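Below is one structure, written out as structure tokens; comments come after it.
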Amino acid sequence: MQQTLELIPSGHGGTGGCDAMRAEVVSVSQDYESPASDASLMARIAHPSNLKKAFQRVKRNKGAAGIDRMTVDDLFRYLQEHGRQLRQCLLRGLWKPAPVRRVLIPKPDGGERKLGIPTALDRMVQQAIQQVLQAEWEPRFSSYSYGFRPQRSAHQAISQAQSYIKDGYDWVVDIDLSKFFDRVNHDRLMAKLAEHIQDKDVLRLIHRFLKSGVMENGLAKPQTEGVAQGGPLSPVLSNIVLDELDKTLEKRGLRFVRYADDCRVFVKSKKAGERVMASLVKLIEGKMKLKVNRTKSAVDRAWKRAFLGYSFTRDGRKTLAAKSCKRFKDKVRQLTRKGGRSLEQRLEGLNRYLQGWKNYFREIETCTEFEHFDCWIRRRLRSLLWYQWKRSPKRYKELRKQGISDKLTRQTVASGKGHWRMSRSPALHMALPNSWFDGLGLIRLLAA
DNA sequence: AGATAGTTTAC
RNA sequence: GUUGUAAACUAUCU
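Once you know that position 351 of the first sequence is 351 in UniProt numbering, the rest is easy, because the numbers rise by one and skip nothing.
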């Protein structure tokens, strides 16, 4: 019944996204009325410095274009011309998000993941909201929730779980929510938001983001449930929805950890676990209107279930989960395989890959695993070098000039300047500069 | 301490 | 072609 102005960016022209915004009169139902609204939230979202930060983040991510084909490079030029307009739109509650672009990407476990990619412009607006919303909710979130939160990592979640196990709570209730992002109930989410947000412009804006459809062959399909997987706002919204779960778990005095939709409760007996499981399924599927994936959920001994890439031993030490271990080995095999690439290229690639795992290995508490990896990688490398020497001693000599040297045989592991000695046989003695083996060096150090 | 470029993991 | 948040790491620049 109420007429509102909505500004729609019409950036689908041939040359890029610098077209002017045009105002359109669209009728909009007034769903969120709150008395005496405090408009400061929207002011914070649309604050120039917040918008600037949002833009920089979108730019840094180097994401692809949305439905309007506007790339992040175009975004800058667009903002130069229409930045003020954008700000005014937000402040007056007139921003209308465009539908998201549907992209399917393969999941590591074989399935497909549905992505909804918003316009670069919409990503920036979502990011601006996210920054404010996250700051707003951060103090309210449970301290046992670890996913998508600043200053919190999967490792901390693991350590928390570990401390439960060490206290004797070694039965775990593992709840897997099926397609969580796709099934978030809009009404429930909006209700949760309205509990703490007074500003109805902000609520309406978020509501519009939820309802902005998916573009499927030419026409926008409206969305009735779920948050677009791919929007900067989605993660924090998921935490807001699942905060209810955290709060009830806390109220019941249960030991739990949650990382996004991966929720685990630690108890002392199987019976207690089954009781908790039953009541949680009831809560999640009843009140929260979500779906529990029964085939992937279970109550089991803590060391039987991998968690965030790790698993536990019977005495509560952290190990690399079998799946992660396999992925790691496969990748190292692929990187050290001879195939067109020179020795240095392979070493470089290997080292680069290894450095990404540093943090992971640091957490592992089973020494045998370290030794195993260390030996395994070294064996592969030795054969690589040996092969190089045998095939062309000339080429090997060139490599020596670049860094491989057989002069240094002393191992000084602790100082950053030491060299690793590599030897295949008494005839071949060589050492590589530590910079080539930083990843390995660390593994070695930590194993000790 | 701020930015840039790269890598990995988790969901 | 591939989005997002968060953590960690390496390198470089001022």
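Ideal Cβ positions, reconstructed from N, Cα and C, are used throughout, including at glycine. Keep in mind the model is a prediction, meaning the values are calculated, not measured.
Helix, strand or coil at residue i according to DSSP, with G and I counted as helix
| i | result |
| --- | --- |
| phenylalanine 256 | strand |
| lysine 52 | helix |
| valine 227 | coil |
| valine 241 | helix |
| methionine 288 | coil |
| serine 279 | helix |
| methionine 42 | helix |
| arginine 101 | strand |
| asparagine 217 | coil |
| asparagine 293 | coil |
| arginine 22 | Any reading at arginine 22 needs caution, since the residue's pLDDT is 30, under 50, leaving its predicted position unreliable; the model's value is listed next. Here arginine 22 sits in strand by DSSP. |
| valine 184 | coil |
| aspartate 300 | strand |
| serine 145 | strand |
| isoleucine 117 | strand |
| valine 28 | Reliability fails at valine 28, whose pLDDT of 32 lies under 50, so the model's placement of it is uncertain and the value that follows must be treated cautiously. If DSSP states are grouped into helix, strand and coil, valine 28 belongs with the strands. |
| arginine 341 | coil |
| proline 47 | It is histidine, not proline, that sits at residue 47 in the sequence shown. It is coil, neither helix nor strand. |
| aspartate 199 | coil |
| threonine 336 | helix |
| tryptophan 235 | In the sequence under discussion, the amino acid at residue 235 is proline, which differs from the tryptophan named in the question. Of the three classes helix, strand and coil, the one that applies to proline 235 here is helix, per DSSP. |
| aspartate 167 | coil |
| threonine 71 | coil |
Supposed close pair residue i, residue j - CB separation, criterion 8 angstroms
| i | j | result |
| --- | --- | --- |
| valine 299 | methionine 277 | 5 angstroms |
| glutamine 127 | arginine 57 | 5 angstroms |
| glycine 93 | aspartate 201 | 4 angstroms |
| valine 125 | leucine 91 | Actually they are not in contact, since the Cβ atoms of valine 125 and leucine 91 sit about 12 angstroms apart, beyond 8 angstroms. |
| valine 214 | lysine 221 | 5 angstroms |
Pairwise C-alpha distance: residue j and residue i
| i | j | result |
| --- | --- | --- |
| arginine 275 | serine 269 | 10 angstroms |
| arginine 44 | valine 265 | 37 angstroms |
| valine 26 | histidine 47 | The pLDDT assigned to valine 26 is 28, lower than 50, so where the model puts this residue is not dependable, and the model offers no usable value. |
| glutamate 195 | lysine 296 | 33 angstroms |
| arginine 204 | aspartate 170 | 45 angstroms |
| alanine 154 | glycine 309 | 9 angstroms |
| alanine 306 | serine 159 | 13 angstroms |
| alanine 65 | methionine 42 | 26 angstroms |
| serine 163 | glutamate 138 | 24 angstroms |
| phenylalanine 209 | glutamate 216 | 17 angstroms |
| valine 241 | leucine 290 | 10 angstroms |
| proline 150 | isoleucine 165 | 25 angstroms |
| aspartate 243 | glutamate 285 | 15 angstroms |
| cysteine 263 | arginine 333 | 34 angstroms |
| leucine 104 | lysine 247 | 34 angstroms |
| valine 236 | aspartate 315 | 35 angstroms |
Residue(s) in a DSSP beta bridge with residue i
| i | result |
| --- | --- |
| residue 452 | Any answer about residue 452 is impossible in this case: the structure gives the chain only from 1 up to 448. |
| proline 106 | Glu112 |
| arginine 264 | Asp174 and Val257 |
Cβ-heavy atom distance, residue i to the ligand GDP, below 7 angstroms
| i | result |
| --- | --- |
| serine 143 | The ligand GDP is not part of the structure shown, which contains no ligands of any sort. |
Would the stretch 70-80 and the stretch 112-122 be scored as touching if the rule is three or more Cβ pairs under 8 angstroms?
yes
Evaluate contact between the stretch 155-175 and the stretch 279-298, counting only Cβ atoms and requiring at least three cross-stretch pairs below 8 angstroms.
yes
Contact the stretch 128-137 vs the stretch 107-117: 3+ CB pairs below 8 angstroms:
No, the stretch 128-137 is not in contact with the stretch 107-117.
Counting Cβ pairs, one atom from each stretch, are 3 or more of them under 8 angstroms apart for the stretch 50-61 and the stretch 95-107?
no
Report yes or no: do the stretch 225-232 and the stretch 243-261 share at least 3 C-beta pairs separated by less than 8 angstroms?
Taking a contact to require three or more Cβ pairs closer than 8 angstroms, the stretch 225-232 and the stretch 243-261 do not qualify as touching.
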